[in-house]
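Asks: The following block contains the structure, expressed as structure tokens.
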Amino acid sequence: MKRLSSVLGLLVILSILLVACGPAETPTPVETEAPPETVAPVETEAPVAFECTDAIGCVDVAPDEPIHIAYLLVISGPNETLGIDSRNGIEIAIADHGPVLGHEVSLTGEDGGCSAEGGQPAGARLAADPTIVGVIGTSCSSEARAAVPLLSLAGFTVISPSNTAPDLTLPGNENQWPGYFRTAHSDLFQGAAAADFAYNFLGVRTIATIHDGSLYAEKLAEVFRGAFEDLGGAVSGQGAVSPDQTDMSGVLADIAAGGPELIYYPIFMPAGALITIQAHETTGLEETYLMGADGLFSPDVMEGAGEDVEGFYVSSPDLTAFGDAYAASFVPAYVEMFGTEPISIFHAHGYDAVMLLLAAIEEVAVVDADGTLHIGRQALRDAMYAVENYEGLTGNLTCSDTGDCADPVIAVYQYHVGVYPPERIWP
Amino acid sequence: MRRTWRQRITFTDVVIWGIGLAIAAVVVVGTIATLRSGKYTPEAWFDLALSGLALGGVYALIALGYTLVYGILRMINFAHSEVFMSGPFTAVFVAQALNRAGTIDSHPVLSLLLITLVSASVSCLIAVLLERIAYRPLRTAPRLVPLITAIGASFFLQYAFRGLYGSGIRAYPTLDILDGAWNIGTFRVFRTDVVIIVSAMVMMLVLYAIVQRTKIGKAMRAVSEDKEVASLMGIDVDRVIVVTFALGGFSAGVAGVLYALAFPVVNFYMGFIPGLKAFTAAVLGGIGNVPGAFLGAMILGVVESIGPNLFLDGLGVPAPNQLKDLVAFVILVFILIIRPTGILGERLAQAKA
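Encoded structure:
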């Protein structure tokens, strides 16, 4: 009996080891050796067999197979509307575009949870799948910091619809990776626009900021403070919370002691709603303007903050600056497919990301006589870097050498109780 | 054999007392520096203290569940944070239905009582089921087994509720009777905070009275002394344990509604942090001791709320509020260095030794 159980135990340990080692072996970086991935599809009858000369390998799509695109977005938890909204835009784009060179487009995805902890495993799972051509994601810059290195080393072209941290496309930065693009603005624009709004439109002269330690919030708050000081304003304080903190009274007392006229907290749910509520109950902050950013453009903010949402400002992409096609065909298609108006702010960016990716695939794919596609991974990236004056939903897109493709126009919206989307008030 | 004080003090003692002294020094220096800078008004301190007490009240109601179960079974019920989550997560649907029907506006007190009752009943039911399904079959197993089971049950409940109700965040509708504040001089007293503190005190007194004055309370204390002997004396041990879990679950359900009224973050994960804090509070007060749990929770709540601003701000620590959990746990370490059994834990520890 004892021997039997020890044998069983050994088996269990062995199988755990096997499972643990298994996946670790697969994601060998495809960068240096350029493994000849052309493991002979069905190209025997082709006159000249295709030979992959791409520096980081090719993806082969057999005649009856779909082109595999993946998403890495936040699709559960407190910020799910952000990612689901982008995913809706992606699905509309795939339906709108139709087949690519005779191939359907298939979409699979992973949930990144809007955090580095969620982005890491999701990125690793996607990186282990060599059939993926491109990834639309991530939703949040913290996810990107963990997932983009993995996806970039796997040779994918990654396009984010909503990462806005400046680092991700700043040249010579540890967070800037080859093959990473974004259709969302960099927060260098958002921070400056928000500061302009606060200083010139609201006329405030002292501000404070709160961030939650995420790459996005910390950088945006920093850009905002810098831009506001450049305009001649003063920063009376800066605080930080943790994303799952519920009692904000300490940080708000700290901020209140400086007597700011406006607090900018470009963070996420639920902390964003909690600060909004508790600021109203903090001595000294009763009259202070409260302002968030695009991470808080969602009906969840209305639900979370209840009546305290009244008057809350958010900086965000300007929906009215989008092309005519946005209101004329995109929004009706959204309503028809998902039965609701857009639920957050980065749906059109998701749409554009897919359209750019599919256009680039069409440009670089080599088609065999039997319909087999060969897509060079580096060629695909190069085609993306070369995008110039592409007429997208979100504007006129031109990709920079570091992957910034956005045509950023920032507006400020104001929430009112029971009204969604919030009212656009500036510029 | 008599030893001199030199022989009795070990190296470990010196290190531990050194750590204690360092914590005390940081607290004293930081406090003096902050108060001398005059950055915060008395109103700000009052706000912080009040919200700390309210938070402490919620912790206290959860901590009662930990401490009652520990007192009787010598077991830490780590799934208690999910018992706390299950009630308010279910009652939020009742609240939203009442809100749509307009009942919340026409009969606010009645609605609140109904919501609390639903929440408390669900939590109570979950706690009892947990005991019946997960813990009772393991009652004679080694002590580590129910502990691991509790962690498993905690995950099971979290993801069961995520599957049932989704992973998004929900919020209770605003109750006008709880909105706003009373002004006492220049100080503001928020109604929500008062309701939380008063409810916590009432619940604590009721539970203490049940344990000390009723027949079932006597049975609980007897089982806590010695299960075998208690059952020989004709006490139905199973029934006593079920009642204990039910009481803990009920108070966690009430805590859940109070917590959700103050912080609209109702989702499947909401129990984790408050549960951890409440467990800490129970240890701080001396686990197994009902007034101790209350005292520990209040101390923890206030320290967590005031601590970062009072102790760290004056030392020039940037963004001290990120460190609020650190402050709370360092104070826990400090108190456990001085009193290893918790603030009110001594009698119990001697009795069990």
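Chains as they are written, first to last, in the working numbering: chain A, 73 to 499; chain B, 814 to 1166. Ideal Cβ positions, reconstructed from N, Cα and C, are used throughout, including at glycine. Fair warning: this is a prediction, and the values are worked out from it, not measured in the lab.
#1: Comparing the C-beta of residue 1101 of chain B with each C-beta of chain A, is any distance below 8 Å?
#2: Measuring alpha carbon to alpha carbon, tell me which residue in A/418, A/417 and A/403 is nearest residue 411 of chain A.
#3: Which of the three DSSP states, helix, strand or coil, is assigned to residue 937 of chain B?
#4: Tell me which residues share the same chain as residue 501 of chain A and place their Cβ nearer than 6 Å to its Cβ, disregarding the 5 neighbours each side in the sequence.
#5: Whole angstroms are fine: how far does the CA of residue 153 of chain A sit from the CA of residue 875 of chain B?
#6: According to DSSP, is residue 366 of chain A helix, strand or coil?
#7: Skipping 5 residues on each side, what residues in its chain have a beta carbon closer than 6 Å to that of residue 496 of chain A?
#8: Give a single yes or no on whether residue 315 of chain A has its beta carbon closer than 7 Å to a heavy atom of the ligand MG.
#9: DSSP state of residue 1023 of chain B, grouped into three classes?
#10: Rounded to whole angstroms, what is the Cα-Cα separation between residue 1148 of chain B and residue 1018 of chain B?
#11: For the candidate residues B/1120, B/1047 and B/948, whose alpha-carbon lies nearest to that of residue 843 of chain B?
#12: Tell me, please, which residues DSSP counts as bridged to residue 310 of chain A.
#13: Residue 412 of chain A CB to nearest chain B CB: under 8 Å?
#14: Give a yes or no on whether 8 Å exceeds the smallest Cβ distance from residue 1076 of chain B to chain A.
#15: Under a Cβ-count criterion, where at least 16 other Cβ atoms within 10 Å of its own Cβ denotes burial, should residue 396 of chain A be classed as buried or exposed?
#16: Could you check where the beta strand (DSSP E) with residue 132 of chain A kicks off and where it finishes?
#17: Applying the 10 Å Cβ sphere with the 16-neighbour rule, what's the burial state of residue 247 of chain A?
#18: By the 8 Å beta-carbon criterion, what residues does the stretch 997 to 1012 of chain B contribute toward chain A?
#19: Counting only beta-carbon atoms, is residue 799 of chain B nearer than 8 Å to chain A?
#20: Please state the DSSP three-state secondary structure of residue 903 of chain B.
#21: Could you run through the stretch 856 to 879 of chain B and flag, in chain order, every residue whose CB is less than 7 Å away from some CB of chain A?
#22: When burial is assigned at 16 or more other CB atoms within 10 Å of the CB, is residue 895 of chain B buried or exposed?
#23: Please identify the residue among A/143, A/408, A/315 and A/176 whose C-alpha is closest to the C-alpha of residue 194 of chain A.
#24: Between A/297, A/459, A/413 and A/420, which has its C-alpha nearest residue 432 of chain A's C-alpha?
#25: If you measure between the beta carbons of residue 1067 of chain B and residue 1073 of chain B, is that distance less than 8 Å?
#26: Would you list the one or two residues that DSSP bridges to residue 498 of chain A?
#27: Around the C-beta of residue 178 of chain A, are 16 or more other C-beta atoms found within 10 angstroms, so that it is buried, or is it exposed?
#28: Can you find a CB in chain A that lies within less than 8 Å of the CB of residue 852 of chain B?
#29: Mark residue 388 of chain A as exposed unless 16 or more other C-beta atoms lie within 10 angstroms of its C-beta, in which case mark it buried.
#30: Looking at chain B, is there any beta carbon in it that lies within less than 8 Å of the beta carbon of residue 171 of chain A?
#31: Enumerate in chain order the residues of its own chain whose CB-to-CB distance from residue 407 of chain A is below 8 Å, with the five nearest sequence positions on each side excluded.
#32: When you compare only the Cα positions, how much space is there between residue 113 of chain A and residue 376 of chain A?
#33: Residues in the same chain with beta-carbon distance under 7 Å from residue 479 of chain A, minus the five sequence neighbours each way, listed in chain order, please.
#34: Among B/1006, B/831 and B/881, which one has its Cα closest to the Cα of residue 1038 of chain B?
#35: Note down, one range per segment and in chain order, each beta strand (DSSP E) of at least 3 residues found wholly within the stretch 956 to 1014 of chain B.
#36: Return the residues of the stretch 322 to 340 of chain A that lie within a Cβ-Cβ distance of less than 7 Å from chain B, sorted by chain order.
Replies: On the basis of the data shown:
#1: Within the second sequence, the letter at position 288 stands for residue 1101 of chain B. Judged by the 8 Å Cβ criterion, residue 1101 of chain B is not in contact with chain A.
#2: By one-based count along the first sequence, residue 411 of chain A stands at place 339. Comparing Cα positions, the closest option is A/403.
#3: By one-based count along the second sequence, residue 937 of chain B stands at place 124. Looking at residue 937 of chain B - three-state DSSP - the assignment turns out to be helix.
#4: Summary: the structure shown does not reach residue 501 of chain A, with chain A confined to residues 73 through 499, and so no result is reported for it.
#5: Walking along the second sequence from the start, residue 875 of chain B turns up at place 62. Walking along the first sequence from the start, residue 153 of chain A turns up at place 81. Cα to Cα, the separation comes out at about 31 Å.
#6: Numbered from its first residue, the first sequence carries residue 366 of chain A at position 294. Three-state result, residue 366 of chain A: helix.
#7: In the first sequence, counting from the first residue as 1, residue 496 of chain A sits at position 424. Excluding positions up to five away in sequence, the list reads 483 and 485.
#8: In the structure shown, the ligand MG is absent, as is every other ligand, since no ligand is present at all.
#9: On the second sequence, position 210 is the one that residue 1023 of chain B refers to. Of the three classes helix, strand and coil, the one that applies to residue 1023 of chain B here is helix, per DSSP.
#10: In the second sequence, counting from the first residue as 1, residue 1148 of chain B sits at position 335. In the second sequence, counting from the first residue as 1, residue 1018 of chain B sits at position 205. In a straight line, the C-alpha of residue 1148 of chain B is about 25 Å away from that of residue 1018 of chain B.
#11: If you number the second sequence from 1, residue 843 of chain B lands on position 30. Comparing Cα-Cα distances from residue 843 of chain B to each of B/1120, B/1047 and B/948, the minimum goes to B/1120.
#12: By 1-based counting over the first sequence, the position of residue 310 of chain A is 238. Here residue 310 of chain A is bridged, per DSSP, to A/281.
#13: The residue labelled residue 412 of chain A in the question sits at position 340 within the first sequence. For residue 412 of chain A, the answer is no, since every Cβ of chain B falls outside 8 Å of its Cβ.
#14: Taking the second sequence and counting its residues from 1, the one referred to as residue 1076 of chain B is at position 263. Output row for residue 1076 of chain B: interface = yes.
#15: Within the first sequence, numbered from 1, the residue matching residue 396 of chain A stands at position 324. So residue 396 of chain A ends up on the exposed side.
#16: In the first sequence, residue 132 of chain A corresponds to position 60, counting from 1. Note, residue 132 of chain A: beta strand (DSSP E), 130 to 133.
#17: On the first sequence, position 175 is the one that residue 247 of chain A refers to. Answer is buried; the Cβ neighbour count reaches 16.
#18: 1001 and 1003
#19: Because chain B in this structure spans residues 814 to 1166, residue 799 of chain B falls outside the shown range and cannot be described.
#20: Residue 903 of chain B sits at position 90 when you count from the first residue of the second sequence. Secondary structure at residue 903 of chain B: helix, using DSSP grouped into helix, strand and coil.
#21: Taking 7 Å as the cut-off between beta carbons, the residues of the stretch 856 to 879 of chain B near chain A are 856, 857, 860, 861, 864 and 868, in sequence order.
#22: As a working note, residue 895 of chain B is residue 82 in the second sequence. Label assigned to residue 895 of chain B: buried.
#23: Along the first sequence, read from residue 1 onward, the residue named residue 194 of chain A stands at position 122. Per the Cα distances, A/143.
#24: For this step, residue 432 of chain A is matched to residue 360 along the first sequence. Nearest of A/297, A/459, A/413 and A/420 to residue 432 of chain A, Cα basis: A/459.
#25: Mapped onto the second sequence, residue 1067 of chain B falls at position 254. Mapped onto the second sequence, residue 1073 of chain B falls at position 260. Using a Cβ distance threshold of 8 Å, residue 1067 of chain B and residue 1073 of chain B do not count as a contacting pair.
#26: Here residue 498 of chain A refers to the residue found at position 426 of the first sequence. Beta-bridge pairing links residue 498 of chain A to A/484.
#27: Walking along the first sequence from the start, residue 178 of chain A turns up at place 106. By the neighbour-count rule (16 or more Cβ atoms within 10 Å), residue 178 of chain A is not buried but exposed.
#28: Along the second sequence, one-based indexing puts residue 852 of chain B at 39. At a cut-off of 8 Å, the C-beta of residue 852 of chain B has a neighbouring C-beta in chain A.
#29: Here residue 388 of chain A corresponds to residue number 316 of the first sequence, with the count starting at 1. Buried, by the Cβ-count rule.
#30: Taking the first residue of the first sequence as 1, we reach residue 171 of chain A at position 99. For residue 171 of chain A, the answer is no, since every Cβ of chain B falls outside 8 Å of its Cβ.
#31: Counted from its first residue, the first sequence places residue 407 of chain A at position 335. Taken in chain order, the residues that qualify are 413.
#32: Locating residue 113 of chain A in the first sequence gives position 41, counting from the first residue. Locating residue 376 of chain A in the first sequence gives position 304, counting from the first residue. Summary for residue 113 of chain A: the model assigns pLDDT 47, below 50, so the residue's position carries little reliability; its value from the coordinates is reported in the next sentence. Straight-line Cα distance between these residues: approximately 53 Å.
#33: Here residue 479 of chain A refers to the residue found at position 407 when the first sequence is read from its first residue. Contacts found: 466, 467, 468 and 469.
#34: The sequence position of residue 1038 of chain B within the second sequence is 225, counting from 1. Of the candidates B/1006, B/831 and B/881, the one whose C-alpha sits nearest the C-alpha of residue 1038 of chain B is B/881.
#35: Listed in chain order, the beta strand (DSSP E) elements of length 3 or more contained wholly in the stretch 956 to 1014 of chain B are 994 to 997 and 1000 to 1003.
#36: 322, 323, 325, 326, 328 and 329
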